[in-house]
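Okay, structure first, notes after.
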Amino acid sequence: MAKQEDIFKNVVSHAKEYGFIFPSSEVYDGLSAVYDYAQNGVELKKNIREYWWKSMVQMNENIVGLDAAILMHPTTWKASGHVDAFNDPLIDNKDSKKRYRADVLVEDHAEKIHQKAQKEIDKAKARFGDAFNEQEFVTTNARVIEYLAKEKEIRERLGRSLGNGDLADVKALIEELEIADPETGSKNWTEVKQFNLMFGTKLGASAENAMDLYLRPETAQGIFVNFLNVQKSGRMKVPFGIAQTGKAFRNEIVARQFIFRMREFEQMEMQFFVRPGEEMKSYEYWKETRLKWHLSLGLGKENYRFHDHEKLAHYANAAADIEFNFPFGFKELEGIHSRTDFDLKAHEEYSGRKLQYFDPELNENYVPYVVETSVGLDRMFLAVFATSLKEETLEDGSTRTVLKLPAVLAPTKAAVLPLVKKDGLPEVSRKIIEDLKWDFNVAYDEKDAVGRRYRRQDALGTPFCITVDHQTLEDETVTIRHRDTMKQDRVKITELRGIIENEVSMKNWLMKM
Ligand code: GAP
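Counting with this note's numbering, you get residues 12 to 524 for the letters of the sequence shown.
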């Protein structure tokens, strides 16, 4: 089995074993691509959400929050184009009867070619060391040039075919590239068809009078329809933004990558309203700012890259993804889209109401343009969790599993461990917890030898273990153990709050942006 697959399997099982993520309704064998966040998962998820919210809303005077309902008037989705155009191209394999997203099959193929180029680059890097000039190598090495040109050609053709709705060409591309069913190797494909991703539901007591509704496929539309309410009630001046986190629902065709592609998931979106003509400047600003936010978490610069869209969604005039190096390769983590005035204009047209802004400086009314940043909270979770999970071999040859989560996001910030369950050590430990819990999530653990307790906290991602021993009774000091280095310091109980705060405060982490 490939190493990548092993790593991914490990991520899924660790998430379950340590109370981060369970399959939904598991007693009934689960529900495909739907997951529940358990006691530790819900804390990690909440911390990621808060880290995003603070950076967006609290740190920007001109961005405010919103919590719109999941259910919206059905015309919303007609106006937004989702009813008619929110489709994915699907293809079935006639032999295996498995269903795939045709665009993903082609993109994965292009990514494999990209990886071949990357391998050549990495080999040369290792050979030439510091003298290696990557830029020069990429533009002169015949093999790399060939791989990258092929990748570009495939991606551009896919973009063109999807953009023109030419599904026959997508099928032709799959055949020309000899793409096989990843699970069985069969190349016996059906035609490519469009599949609408909207989840329908009904509102009303009786079947005859029920109104057809949709569960929202993105949170963005709740922001658009409230644009003027927020602008007027908040006396907001363009440029300004509205941020929102919340559930979205998509009837995904293929959902095989744990929480990467779910049918019910959570988005963190921000719509930034600007003067027409100023959207590209804003688009570039948000691309850069959002990447900085990701980088502030310290998961490694090399794990991120931009992917500019060849095929633009029906509402966009520019779009890019921030891709992350997941255990199954680089995939979309966040989208930054210049959505023009498409959505507000469409809601004006369908509702018959004006959704315009009076710009006092220009002395004119206009429909603002919108730049959107949209990141999946669950994908963020996966990126953080999978990258943090490490198997380490220690100096004595033993191994430990450690979840090196950014301390700011860790579900529990410290565990307090009495060395033994007697002599008053549990009581002192409880007293420390009583004090620290006003500021941090703190756990208590007295079961098993202290070494095993350290390992358990390592696996949960707890940045600090505080051990209370007999010396504590004499001089009010404890040992504080750092998860990543395993280094232990003897400190005063009164110093604990400051030490923990310094490592976990959102301020300190966000200031790295
Ligand atoms: N409002 C724009 C929008 O929804 P999108 O690229 O379709 O754009 C934005 O989605 C983000 O939502 C993605 O970058 C991804 O992180 C997340 N996302 C989309 N579909 C998802 C799914 N099925 N499961 C988990 N996350 C998903």
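The beta-carbon is built from N, C-alpha and C at its ideal position, and this holds for glycine as well. On a predicted model such as this, the values are computed, not experimentally measured, just so you know.
Buried or exposed by the 16-neighbour rule on C-beta atoms within 10 Å, applied to residue i
i: ALA259; result: buried
i: HIS481; result: exposed
i: ALA357; result: buried
i: PRO100; result: buried
i: GLY215; result: exposed
i: LYS292; result: exposed
i: LEU454; result: The sequence shown places Ala at residue 454, not Leu. Buried, because 16 or more other Cβ atoms sit within 10 Å of the Cβ of ALA454.
i: ASP114; result: buried
i: PRO228; result: buried
i: PRO371; result: exposed
i: ARG364; result: exposed
i: GLY387; result: buried
i: GLN146; result: exposed
i: ASN240; result: exposed
i: SER440; result: buried
i: TRP449; result: exposed
i: ALA80; result: exposed
i: SER197; result: exposed
i: THR505; result: exposed
i: ALA460; result: exposed
i: ASN104; result: buried
i: GLU122; result: buried
Span separating the alpha-carbon of residue i from that of residue j
i: LYS14; j: PRO193; result: 17 Å
i: ASP389; j: GLU487; result: 42 Å
i: VAL479; j: LEU344; result: 42 Å
i: GLN129; j: GLU118; result: 16 Å
i: ARG463; j: ALA142; result: 46 Å
i: LYS56; j: LEU306; result: 18 Å
i: HIS125; j: SER43; result: 31 Å
i: TYR29; j: GLU61; result: 22 Å
i: PRO287; j: ARG350; result: 11 Å
i: GLY257; j: ASP78; result: 8 Å
i: SER35; j: SER24; result: 15 Å
i: MET12; j: TYR111; result: Bear in mind that a pLDDT of 45 at MET12, under 50, signals an unreliable position, so the number given afterwards is only what the model happens to contain. If you take the alpha carbons of MET12 and TYR111, they lie about 22 Å apart.
i: LYS161; j: GLY346; result: 25 Å
i: PRO429; j: ALA470; result: 19 Å
i: ILE156; j: PRO338; result: 26 Å
i: VAL149; j: LYS136; result: 11 Å
One or two residues paired with residue i in a DSSP bridge
i: ARG316; result: GLU334
i: ALA259; result: PHE276
i: LEU214; result: MET222
i: ASP95; result: Its beta-bridge partners do not exist; DSSP assigns none.
i: PRO34; result: TYR46
i: GLY76; result: ALA254
i: GLY387; result: GLN278
i: TRP200; result: ASN104
i: GLY346; result: ASP332 and SER385
i: LEU82; result: LEU226
i: HIS155; result: Looking at the sequence shown, residue 155 is not His but Val. Note: VAL155 sits in no beta bridge, so no partner.
i: THR351; result: VAL381
DSSP state of residue i mapped onto helix, strand, coil
i: ALA254; result: strand
i: LYS298; result: helix
i: ILE132; result: helix
i: LYS169; result: Residue identity check: residue 169 is Leu in the sequence provided, not Lys. Reduced to three states, the DSSP call for LEU169 is helix.
i: GLU280; result: strand
i: ASN361; result: Per the sequence shown, residue 361 should be read as Tyr rather than Asn. Residue state, collapsed to three classes: helix.
i: ASP192; result: coil
i: TYR62; result: helix
i: LYS123; result: helix
i: PHE341; result: strand
i: ARG112; result: strand
i: PHE206; result: strand
i: GLN499; result: strand
i: ILE264; result: coil
i: PHE369; result: strand
i: MET12; result: Here the model assigns MET12 a pLDDT of 45, short of 50, so the residue's position is not dependable and the matter cannot be decided.
i: LEU310; result: coil
i: ASN175; result: coil
i: THR505; result: helix
i: ASN144; result: coil
i: ALA454; result: strand
i: ASN376; result: strand
i: VAL249; result: coil
i: HIS493; result: strand
Cβ-heavy atom distance, residue i to the ligand MG, below 7 Å
i: VAL395; result: By its list of ligands, the structure shown excludes the ligand MG, since it contains just the ligand GAP.
Checklist entry - What are the start and end residues of each continuous beta strand (DSSP E) run of 3 or more residues lying completely inside the segment 398 to 441, in chain order? => result 400 to 404, 410 to 414 and 425 to 429
Next on the checklist: Quick check for students: name the residue ranges of the beta strand (DSSP E) that lie wholly in the segment 460 to 492, counting only runs of 3 or more.
Outcome noted: 475 to 479
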